[in-house]
Each structure stands twice: as C-alpha cells, then as structure tokens.
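Numbered per my numbering, the sequence shown spans residues 9 to 1032.
For glycine and all other residues, C-beta sits at the position ideal for the given N, C-alpha and C.
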Amino acid sequence: MRALQLCLLVVLGFFPAVFALHESEAGVVDWHKPLIGVPLTYSHSLSPTLHRFSAGRLRKSTQSIILTATEANVLAAVNPVDGELVWRFAFEPEDPIVSYRAHGDVVCVLSGPGGSTFRTFETANGNLIAERRLHKPSFGRLFEPVDLGVHMSFVDSNFTNLSPTTDLFVLTDGYTVRRLDSGSGRIKWEWSAEDQGSLVVYSRIARTSSAVYVIGLAKSFASYTLHVHALSPSTGEVISNAHIPSSIYNGLTDFLLISDATKEDDTPHIVWLEKGSMRHIMLTPQLNEKSLVIKGVTYKSILNIGLNERGYFVALKDDGAARVMRIDAEGTRVNPAFEFPESESSDRYSDSLYAGGLDKDGIPHIGRVYWTHVFQTAGAQIFSPLSAHGKGMITGFTFPFATNLHGIIHHIAFDAAQPAETVVLGRFVLTTGTGAVQLWQQDKVQWTREESLSEIKVTEMIELPEKKTVTSHINVENETMSARLSRQLLDMKFPSYLISFVKRFATGSYASVSTSAAAEGDSAESLFRDEFGFRKVIVAATGRGNVFGIDSGNGAILWSRILGLGVAAERGGHHVPFKMFVTKTVSDGETPRVALVTQRLSKSGLVDAVVFNLDALTGEDVLGKSSTHDVLNGEEVVPGEILDVFMLENDRTIVLVDKYLQIHLYPDNKETRTTFESLASKLHFPLKATDRILGHQISPKPRAISGKFNAYSTWTMALPAGEEILSQFSPPSEPIASFGKVLGDRRTLYKYLNPAITGLITTSRGTEQPTCGLYVVDGGKGTVLYHAVLPSVNGACNIKAAMAENWLVYIYYDDEISSAVQAKGYRAVSVEFYEGKQINDKTRSSEASIYSNTSANVQIYQQGFVFPYEVTTMTTSKTKFGIATKDLIVANRRGQIQTLPRRIFDPRRPKGKPTTEEQEEMLFQYDPLIPDDSRRVISHNYKFARIDRIITSPAVLESTSLVFAYGLDLFSSRIAPSKTFDVLNENFNKAQLVLTIGGLAAAIMIARPRVKRKRLMERWYHSQ
C-alpha cells in the first residue's frame, strides 16, 4: 500500500503547480479611441488644411500632416497616410480657438476673446514651444465669427524655412498689431490703432520687406469701406494710412487679400466685389495707388482657397461658373487664369467646393469637388496652372462617395503630386455633414474618422445572443436511432469539440476574464456573446443625426445609419436625440431592438417627436420603412415638442408626454392602449420647470374627443426666489440583492428604495451671495427627503452627483475657508437613506403607495470627505443580480478614469477605533481624505482629453461590470468590484486537479480489492 502511494506522488510530481501566464491587461480587456471633434469649416483660418514640413534627421525629406481646429475646441494633427491621430491640444471652454497658422516646423494659434492668448507648437509632435498672454480675456472684443479681427502673417516668405524661431506679425482684437518671436513669444513691437472706438475693424495683415499692411473695414449706412495702415516691419511705426473708396456689401466674404510670396518684389493686392464688379488695388508703402476694375464679367462671390499667398483665388460668376484668378507676372494686375468646365449652377450637379494645395515642390494646384445627381457619384477636377509648360492643365475623375452613410460634403482640403508632366494625382480631405473626415486619393478612400462620435447624446449597451448550432433537416420523426445519433454528433461538432477539449486540457488554454472579448469579423453573423458576456453592442446616437453600432470588445464600428428628416427634408433641419430604450432583448428570444426618440427641429420652426426602431445587431429598420442603403426613416409620433419620455417595463410601451400634457403611446394599438389604461392611474412622474418641479398623474380614462390620455399636476415644489434648476438625476433601474444592512448587534437598517426618487441640482444667481443647491425629492408626492446648500465658485455650480439604490454621492468645490485648519479644495459627500425613524423600522418603501403616511419617514446618514481632484463625470458599477459590491467610477480632469470602493464612502465609519460590532460590519476608522490610489486607475496609461459621461452594464458574470465612457474620447473596460469570485483564478491548475482526481480514483480502484481481502482475512481470524 505504501509503495502504491509513493508511486502516485512521484507521478503527480511531474506536473507543475501552475500553468497560467501573467501579462498586462492594458489594451486587452479595454480599448481607447481618441477623437478630435468635428472640424470647423466656416473659416479658412480654422478649417482643415494639408501642411507639408521638413522631416528626417537631415531635414532633406518632407512630410505632410492634416491640421484643423474642431468644434470640440481642439487643435489636432492627423496623419494623412492612415488617419491616426498624431497629436492634439484641447483648449479650455473659456479659451476658444480663433485662428491658427502653420509655417514650416511651427504651428501658431490664437485663442480667447479677440485672440488674447498666443501659443506656438511643434508641427511634428505638438510640443508646446511658447505661450504668451497678449491681453486680458475680459478686455477682448467679442466678434462674430470669432476669427474676425485676428490674423497672422509670418515675416519669412520662404515656405521651406526650417527655423522654429521665425518672427510673425499678429493682429488681435481688431486694432492691435504685434511682431512676435514664434520661438519664445517675445513681443518686439506693438502698434494699436488710434481710432479704437470707431467702427473700423482691422481683419487682415499683409507683409513685404518694406511694409506691413493692416487692412480693415468701416461700417457705413449700407456697406463697408476699406481702411489701410502701412507700418514699418522693424519698428511698427506708421508709414502712411489711407481710406480706399469702396462699397463692399458683405465684409466677411466680399473682400480678399492676395500676394505672391514666392517673388522677392512681392506686392499685395486687395480684391473686393462692388455691385457685381470685381475691383483690386496694389498696396505700396505710400498707399498712393488707385483701384482697378476687372471688366466684362459680373461676379457674385470670391473664395479663399488657401493659395492667397501664392496669388490665386476663385471667383464665382453670376451663373455659378468658377474662374481661377491670379496676379499677373508683373505683379500689377489680377487676371482670369482658367474657368472650370460645367461649373455653372445646374440641376445635374450640386454646388461645387474649391480648395488649393501644393505638391512637394511647392507647385500650386486647385481642386474642385461636386456631386452629380444623375450618376449619384462625386466628381473631382484638378487644375494645375503651371503644368504643360505654363499653359495649365486640367484632370478629373469620379469617386464613389457614400452619401447614404456620410451625408453631404461640407468642406474639402487638397494637395497633389505630379510624378510626370501630364500626370497629376489628387488627395482630398473631406469633411461631411455627419461629422466624418475622409481622405480620398484619386478614386480610392484611404480612411475614415467618424468624429461625430465625439458628440454622443444617448447610448445603450445591448446584450448579444448566444451562438447556436443551426440545423436543417426534414422528417425528424422518421429518423432511425443510428441516423439520429449521427446527426446529433454532427450538430454538436463532436470530433472538432473532442479535439478542442483535448487541446485545451493539454495546454490549459481556457477562456479567462483577462482575455479580450473581441471576436474575429464584425458582420452580423459573427455577433455572438462570448463565454462571460463581456462582448456587447454599443448603440450610440449623436448630435449629427446618425446612429452607430459599436463592438464593445474592440471599438470597431459595426454599422451606421443616417436619421432621415422625413417631411422636413426639403426645407432642412436636424434631429436632437432625446432618449433611447431597449425594446427587445435576447431574453425575449428575438433579435435585440432599440427605439430612439428624437426631437426633429425643422428650419421652418416646426418641432416633432420621431421614433426610430432599429435592429441593434445590424442597424436595419425593424418596421421595414427604409432599405439598408437608404437613410433611416422614423415614425412621427408627436406633432410638437415633448417634455418627457419613459418606458413601461411590463410590455415595453414607450410613453411620450407633450407640452400640452397629452400622452402618446408607441406603438399605439389596441393592445398597448388597453394595457396602459389598466396602469394609468398608478403612474406618477415629475416634470421640472425653471424654478420648480411639478408632480403629475395620468387620468384613468382617455378624453372622448382626442382619444388621448392626459396628465394633470398633483403637487408643486417651488424653489426659493432666484433659485433655478440646472439638472435632474435619478438612480438607475437595476436588480437589488439586499434590501437591508445587518448591523453588528443583529439589528437591521432597511434601505430606502423608493422608485420615484429624483435629484435636483440648482443655482441661485439673483442673491448677493450666489449658492448652489442639491435636493433629493420623492417624485411621487413632492416630499423633500434631503437638501444641501453648497458654495458657488464664480457664480458657477459644477456639482457632480451619482445615485444607486439608497446611496448618493456628490462632489463639489469648496473655496470657503472658515478656520485656520481648513483649505480650499474638492469635497465629496456620501449619503445613505434608510427606512423609518430608527433602526429596525421597515416601511417597504419600494412598494409603498404615495398616499402612505410612512413613505416620507427616512433616516439619513451622511459624511464628508476631502476629494483629491476635480471630477468631470461619475457613476456607479452595475452587475447582473446586484450581489457584488458597488464601486464609484469617476473621470477626473487629469485624463484618467478611476474606481473607488463604496466601503471608503460609508458614512457610518467610526471616528475612533472600531468596536467589535463595527468590525463585524467591515467598518474601518474614518479618514477625511479619500486616497488617490493609482492602482485603481482603470484607464492605465491612456490620457483622455474630455469624458462627458460614463455608463455601466452588467456582464453574464455577477462579479463583473462593463464600463463605457464617452466624450471627446471613447473608452471601454470592465471591472470586478468584489473581485472575480465566480470564476476560478487564471493560475488555477485545472489539469493538475483532473489528474489528481484521476490518480486518486485509480488508487481507490487498485486498493479496493486488497482492502476487501484484508477485511475478509480479518473476519476469518476473528471467527476462529
């Protein structure tokens, strides 16, 4: 027997104790998509441009980059080769970008009111070189558009200059010009116009070796007139000034400043439109030239195509035909150089977009892009004025732009390559109406960035179905036993399953919680749930009128749809997403579906509520009203504005409340109306106004005339005079595993779980001392359960709050110092609500009627903490059954997402040493400072520019919560607040366990006959 045991131990000793391998989970269980925002396109000083600069160790090669300012107030650089983000700089909301200018290896930016701040960045990597405050932002003049009154012009006219310390002339505030060193921001001289209080606004700078020209417009009764100052480039002294006789109707678009910086004797020209005729004047230091008229043609507009410092621009004739204009060889006149064929206005084509660009040799080219309604495709033309021995050459092609996915083209940026004298290859950067940025090289799209994802308004995480074996057989009842066994073995893929099992057993390669949830392929056929339910579809609706399906496993876009405008398509309009609901889940045995409720705002002023019903896996129209290759059509439910929308959980009927308090149902049929009528009298909901919140109930019967149910007010909670509601929040609807907390002395605190509870954040600006407020209100009867008065910082109330079950956390900034030991900083307050007036009181708050006298009996425990940083948004974790403990998930201003356990926020933490009973409750001593534990940063080394909201969703594993954060960046990860208690550790040696059990079973089988013989012999001996 001992020999057998020794052999067994020797055999088991050959197997290692641990099979698992450890590696970083960063980039495996999470992903990060940095975005830049939708590019600004209304001004050439802010819109996308293709900029070429020197690269390489010896600076002998060149590299191009896409620069743009965006609606997210970001200056960004994108690699034109693959569309990846090279660098970005996010400006503060109070410091908007007003102009940027790239020159060689530097990018200069003006931001703030009137261009109050000047910054210089390295083109290649975005490193900040210099920053200087030019004037106080509060003194800046607010113009519309924001780039009016600001301009930059580099002293060096050589576009290939490599020096990062090039000087430039900067116009700010519409009347001040400075000469700055771009490398340090040092001011060399400054000039301000004497007529600052007049109606003259200076908006352009032109420089030559002999003078700096500052051009402005003065508003007269019906038009604008030109004013020019000539300054000394070295000292800023005024050489001369002049009033140029002119009558410009539109001061923003009807005048242009052009020059040819490639010439040593560069002479700038001002070009403007005056009653349909084009005029221009040459600028000299004495400002004594006279304006000239370009005769013979009537023009309606002139366009800056980005080549104004190369002497080129585009002018549109009255019929829409586009002419390329340029300064002649002598530099004295502006003449037509070329007219694009078939560019006049026509029903066959859309309005054309024009842009200029340079090739690597600095040769200018001009591109045109338009849409052909006949062939339903996009067309492009490229005019190369210096090709064909200086005679000029035009080339063209069409490209398959998907207008059903990306809307219409709003802006183009352009550059070209000319590998041969008669070959010109164009590269276009398109910005579309849906916020997409694309690069097309000739007729091939190279990449697409969906920047509208930086403007997500509503989103839901949808559970995927399990992967099932698809079988196809007929006449199953008549199958023989052998045929049925063979079929079932094939259906379960038995041979491959057995091979896979042996392989997993031999290698230990089992699925684990640290493996990626991403699957191969992104088609609908491959959308199945993984082993632990970590993979879901994120359905997100943006403010640009499109909806996306995103794979939560890797961030890939599965599908996208444009929301159709319906009857508002002719006049134009847009959709504002209101709410999104999951109307079908995999638990219903059907394909998951979502309903998106939007407010459609027409340009005519009409407002309608529209519902879009989508298949969450494919984006298909569930109602079949629109095809896959068309815009998504919705159903107009409410002909007017809506105040609130909610969904009945029992039958998933969507209830919409319009501004007249009429109730609209979706879907609206006999079944839903019957169900709603049975529930109507039990429904209570609050609606917020500016200075009050009103509770509403629904009439039990519909009105006879309209057939609609109506809501009526049942209570009003008016705020104090001068106080207004800023935002409203409510706890999420989620499973609750524990309805109470058992104390160390075996008494119980029962959680206050009123489903009608709602929270308000308010501000009081009309008082001498502005304050902020936070209310927790019973939405069923209007009782104020909790109220806190908080300090206001510079009149703003930046309070972040999150609520789950009976737990409320809010964070605010406290700038008041009431004692010598107190300091300014961020404060966190944790509040817990329990039923009754004392321990062991039970009022069944989750089921109580609004008429119950005990529904307002609440015990409140609260505690304050010092929080280490500013928070931009926060939420709590969510699990399938609510068993796992909750974590608070916060996004901070340092560009991180961090989780904090609920235990440290327990308001019942003792001030002194915990007693035995408190230790049984897992309470530990109170510490006012919340620790900043870097180990709990789930975003790892990712840096976020801005996170607006975080949502959580349960996985199949009870221990795990899925996290999706969005704003200027997209981020997805998963957390286990109570650790992965429902999964074996990855280091657990499954093979050794199986072999141990098998070895023990074999030992028992071998030892059993010997034991039986031994017992039999013992009986013989005892019987004798």
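Do you know whose CA, among M930, P694, A688, lies nearest L656's CA? As a first step, residue 656 is located in the sequence shown; it is residue number 648 there, counting from the start. Comparing Cα positions, the closest option is A688.
Name the one or two DSSP bridge partners that L566 has. Taking the first residue of the sequence shown as 1, we reach residue 566 at position 558. Partner(s): none; L566 has no beta bridge.
As a quick exercise: from S863, N848, V208, pick the residue whose alpha carbon is nearest that of E855. Indexing the sequence shown from 1 puts residue 855 at position 847. Checked all of S863, N848, V208; the closest Cα to E855 is S863.
Sequence-distant residues of the same chain with beta carbon closer than 7 Å to F889, five excluded per side: For the purposes of this step, residue 889 is taken as residue 881 along the sequence shown, with counting starting at 1. So the qualifying residues of the chain are P743, A745, E966.
Which value, in whole angstroms, describes the spacing of the CA atoms of V478 and S353? Here the question's residue 478 lines up with position 470 in the sequence shown. Here the question's residue 353 lines up with position 345 in the sequence shown. Unreliable positioning characterises V478 in this predicted model, as indicated by a pLDDT of 41, which lies under 50. The coordinate reading is nonetheless provided below. Their Cα atoms are separated by approximately 56 Å.
Counted within 10 angstroms of its Cβ, other Cβ atoms place Y859 as buried (16 or more) or exposed: Here residue 859 refers to the residue found at position 851 of the sequence shown. Exposed is the call here.
How many angstroms separate the CA atom of K759 from the CA atom of V115? In the sequence shown, the residue the question calls residue 759 occupies position 751. In the sequence shown, the residue the question calls residue 115 occupies position 107. Their Cα atoms are separated by approximately 58 Å.
Going by DSSP, which residues form a beta bridge with V445? In the sequence shown, counting from the first residue as 1, residue 445 sits at position 437. In DSSP, V445 forms a bridge with T439, R457.
Could you give the DSSP three-state label for V797: helix, strand or coil? By one-based count along the sequence shown, residue 797 stands at place 789. Reduced to three states, the DSSP call for V797 is strand.
Short Cβ contact (9 Å threshold) for P983 with D895: In the sequence shown, the residue the question calls residue 983 occupies position 975. In the sequence shown, the residue the question calls residue 895 occupies position 887. Here residue 983 turns out to be Ile, not Pro, going by the sequence shown. Contact flag set, yes.
Same chain only: Cβ atoms within 7 Å of R700, ignoring 5 sequence neighbours per side: By 1-based counting over the sequence shown, the position of residue 700 is 692. The residues are T724, M725, A726, L727.
In the DSSP assignment, the alpha helix (DSSP H) including K678 goes from what residue to what residue? Stepping through the sequence shown from its first residue, residue 678 is reached at position 670. It spans 678-687 - the alpha helix (DSSP H) in which K678 sits, taken as one unbroken run.
Does the count of Cβ pairs from the stretch 424-437 and the stretch 375-394 closer than 8 Å reach three? yes
Which of the three DSSP states, helix, strand or coil, is assigned to P42? To locate residue 42, count along the sequence shown from 1; it is residue 34. If DSSP states are grouped into helix, strand and coil, P42 belongs with the strands.
Reduced DSSP secondary structure (H/G/I, E/B, other) of Y1029: Numbered from its first residue, the sequence shown carries residue 1029 at position 1021. Three-state DSSP puts Y1029 in a helix.
Tell me which same chain residues have a C-beta within less than 8 Å of the C-beta of G788, skipping the five on either side of it? Along the sequence shown, one-based indexing puts residue 788 at 780. Cβ within range, chain order: H692, G703, N762, A764, I858, S863.
Cα-Cα separation between G1033 and R149, rounded to whole angstroms: Because the chain in this structure spans residues 9 to 1032, residue 1033 falls outside the shown range and cannot be described.
Cβ-based neighbour list, G627, same chain, cut-off 6 Å, excluding 5 preceding and 5 following: Here residue 627 corresponds to residue number 619 of the sequence shown, with the count starting at 1. The answer, listed in chain order, is G557, W567, R569.
Thinking C-alpha only, which one of F151, E130, R910, A836 is nearest G123? On the sequence shown, position 115 is the one that residue 123 refers to. That would be F151, whose Cα lies nearest to the Cα of G123.
What does the Cβ neighbour count give for A836, buried or exposed, with the cut at 16 atoms within 10 Å? As a first step, residue 836 is located in the sequence shown; it is residue number 828 there, counting from the start. Its Cβ being crowded by 16 or more others within 10 Å, A836 is buried.
What are the start and end residues of the beta strand (DSSP E) that includes L413? What you label residue 413 is simply residue 405 of the sequence shown in a count that begins at 1. No beta strand (DSSP E) contains L413, which is instead part of the alpha helix (DSSP H) from 411-414.
C-alpha distance - D155 paired with A892, whole-angstrom precision: The residue given as residue 155 occupies position 147 in the sequence shown. The residue given as residue 892 occupies position 884 in the sequence shown. The alpha-carbon atoms of D155 and A892 are separated by roughly 53 Å.
Just the C-alpha distance for G752 and E926, rounded to the nearest angstrom, thanks. Numbered from its first residue, the sequence shown carries residue 752 at position 744. Numbered from its first residue, the sequence shown carries residue 926 at position 918. About 6 Å.
How is D423 classed by DSSP in three states: helix, strand or coil? As a position in the sequence shown, residue 423 is number 415, starting the count at 1. The answer is strand: DSSP assigns D423 an E or B state.
Are the stretch 35-43 and the stretch 972-991 touching, with three or more C-beta to C-beta distances below 8 Å? yes
Return the residue from the list L1008, T261, T70, S267 that minimises the CA-CA distance to L311. Residue 311 sits at position 303 when you count from the first residue of the sequence shown. Minimum Cα distance to L311 is reached at T261.
As a quick exercise: from P962, S961, L908, pick the residue whose alpha carbon is nearest that of D940. What you label residue 940 is simply residue 932 of the sequence shown in a count that begins at 1. That would be L908, whose Cα lies nearest to the Cα of D940.
What did DSSP end up calling L29 once you bin it into helix, strand or coil? To locate residue 29, count along the sequence shown from 1; it is residue 21. Residue placement at L29 cannot be trusted, given a pLDDT of 29 that sits under 50; the coordinates are not used to answer.
Three-state secondary structure (DSSP) at T2? Nothing can be reported for residue 2, as the shown portion of the chain is limited to 9 through 1032.
Determine the direct distance from the alpha carbon of M469 to that of T591, and round the result to whole angstroms. As a working mapping, residue 591 is identified with position 583 in the sequence shown. As a working mapping, residue 469 is identified with position 461 in the sequence shown. Spanning the two alpha carbons is a distance of roughly 13 Å.
Taking C-alpha atoms, which residue in G244, P241, T233 lies nearest to V279? Here residue 279 is taken as the residue at index 271 of the sequence shown, counted from 1. Of the candidates G244, P241, T233, the one whose C-alpha sits nearest the C-alpha of V279 is T233.
Member of K998, H59, D666 whose CA lies at the smallest distance from the CA of I650: Position 642 of the sequence shown, counted from the first residue, corresponds to residue 650. For the residues K998, H59, D666, the minimum Cα distance to I650 belongs to D666.
Restricting to Cα atoms, I'd like to know which of P253, V305, D326 is closest to L295. Locating residue 295 in the sequence shown gives position 287, where the first residue counts as 1. Of P253, V305, D326, the residue nearest in Cα terms is P253.
Apart from the five residues just before and just after H30, which ones in its own chain have a Cβ nearer than 6 Å to its Cβ? On the sequence shown, residue 30 is found 22 positions in, with the first residue counted as 1. In this prediction, H30 scores a pLDDT of 35, lower than 50, which makes its location untrustworthy; no coordinate-derived value is stated.
How many angstroms separate the CA atom of A899 from the CA atom of A491? Taking the first residue of the sequence shown as 1, we reach residue 899 at position 891. Taking the first residue of the sequence shown as 1, we reach residue 491 at position 483. Their backbone Cα atoms lie some 59 Å apart in a straight line.
With H, G and I counted as helix, E and B as strand and the rest as coil, what does DSSP make of V663? What you label residue 663 is simply residue 655 of the sequence shown in a count that begins at 1. Strand at V663.
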